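To start, the structure under review is shown below, and the notes come after it.
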Amino acid sequence: AQSVTQLGSHVSVSEGALVLLRCNYSSSVPPYLFWYVQYPNQGLQLLLKYTSAATLVKGINGFEAEFKKSETSFHLTKPSAHMSDAAEYFCAVNSGGYQKVTFGTGTKLQVIP
Amino acid sequence: ETGVTQSPTHLIKTRGQQVTLRCSSQSGHNTVSWYQQALGQGPQFIFQYYREEENGRGNFPPRFSGLQFPNYSSELNVNALELDDSALYLCASNGGIEGYTFGSGTRLTVV
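Heads up: the protein sequence lines correspond to chains A and B, in order.
Residue 1 is where the first sequence starts when you use the numbering used here, and the numbers rise one by one after that.
Residue 1001 is where the second sequence starts when you use the numbering used here, and the numbers rise one by one after that.
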């Protein structure tokens, strides 16, 4: 079985401040982990992915995430928030192959000017 | 051809009716998955097709069915619509360790 838990359904940060969105996973095998972003009335866009290579993964738009096996975490960070980062972010896990991907419940990021 | 295209973008149906949603996947992507995203929720896996065969299904009743065609297009059919079927339906191609390419979704409203 696989699952992800996203802590905090809503996160607010000031423009220019650090963004930290939390994700913890559960998987019976070494997982593949993803972060997706969803803007209003749109589909999901892949931000970054962990596929067992480097534990620190860099994605688009300045985001990065670090895989920590000991903490079963895959938190998403960005050093300096921009107004355009306001969106909903989903953490997701795949336990291998072309199996289904399980998504978290999402975190809405608000960026305050 | 790049990207994933879904049609229609919005749809309103009456309870008890049937609906067909369509998806055109990126060329060369043999796997297509359908997800249901209710308002304020994360996407929930409905089913997955690989080379025109269903090879994975989530916790959805049989009135949710699908088809995949050789030209990388696919359909999601829902019979006997219920109010709780109101959601954004997302089609995603490929997947695996590369991650999905998602379409923009079809917003279905059941009244």
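For each residue, glycine too, the CB sits at the ideal point set by N, CA and C.
None of the values given here were measured: they were computed from a predicted structure.
Under 8 Å between C-beta atoms, does residue i make it to chain E?
i, result
"B/P1070", "The structure shown contains no chain E; its protein chains are A and B."
Where does residue i sit, in a helix, a strand or coil, going by DSSP?
i, result
"A/L33", "strand"
"A/G8", "coil"
"A/N24", "strand"
"A/N61", "helix"
"B/S1074", "strand"
"A/L18", "coil"
Buried or exposed: residue i, going by 16 or more other Cβ atoms within 10 Å of its Cβ?
i, result
"B/G1016", "exposed"
"A/E88", "buried"
"A/H75", "buried"
"B/T1101", "buried"
"B/E1001", "Interpretation of B/E1001 is limited by its pLDDT of 45, a score under 50 that renders its predicted location unreliable; no figure is taken from the coordinates."
"B/F1069", "exposed"
"A/P31", "buried"
Closest Cβ-Cβ distance between residue i and chain A: below 8 Å?
i, result
"B/S1007", "no"
"B/E1001", "Low per-residue confidence applies at B/E1001: pLDDT is 45, beneath 50, and the placement is therefore not dependable, though the value from the model is reported in the following sentence. Not closer than 8 Å to any Cβ of chain A, the Cβ of B/E1001 fails to qualify, so no."
"B/G1016", "no"
"B/P1043", "yes"
"B/L1108", "no"
"B/S1024", "no"
"B/G1066", "no"
"B/S1027", "no"
"B/Y1100", "yes"
"B/L1011", "no"
Could you pull the start and end residues of the beta strand (DSSP E) that residue i belongs to?
i, result
"B/G1066", "1064-1068"
"B/Q1026", "Here B/Q1026 belongs to no beta strand (DSSP E), and DSSP marks it neither H nor E."
"A/S73", "73-78"
"B/R1051", "Per DSSP, B/R1051 belongs to no beta strand (DSSP E) and is neither H nor E."
"A/F90", "87-94"
When the cut-off is 8 Å and only beta carbons count, does residue i lie next to chain B?
i, result
"A/G106", "yes"
"A/K100", "yes"
"A/G43", "yes"
Say yes only if the C-beta of residue i is nearer than 7 Å to one or more non-hydrogen atoms of the ligand MG, and no if none qualify.
i, result
"B/G1099", "With respect to the ligand MG, the structure shown offers nothing to examine, as it has no ligands at all."
Short-range partners of chain B found in the segment 64-90 of chain A, where Cβ spacing is below 7 Å: F90
At a CB distance below 8 Å, what residues from the segment 45-64 of chain A approach chain B? Give them in sequence order. Q45, L46, K49, T51
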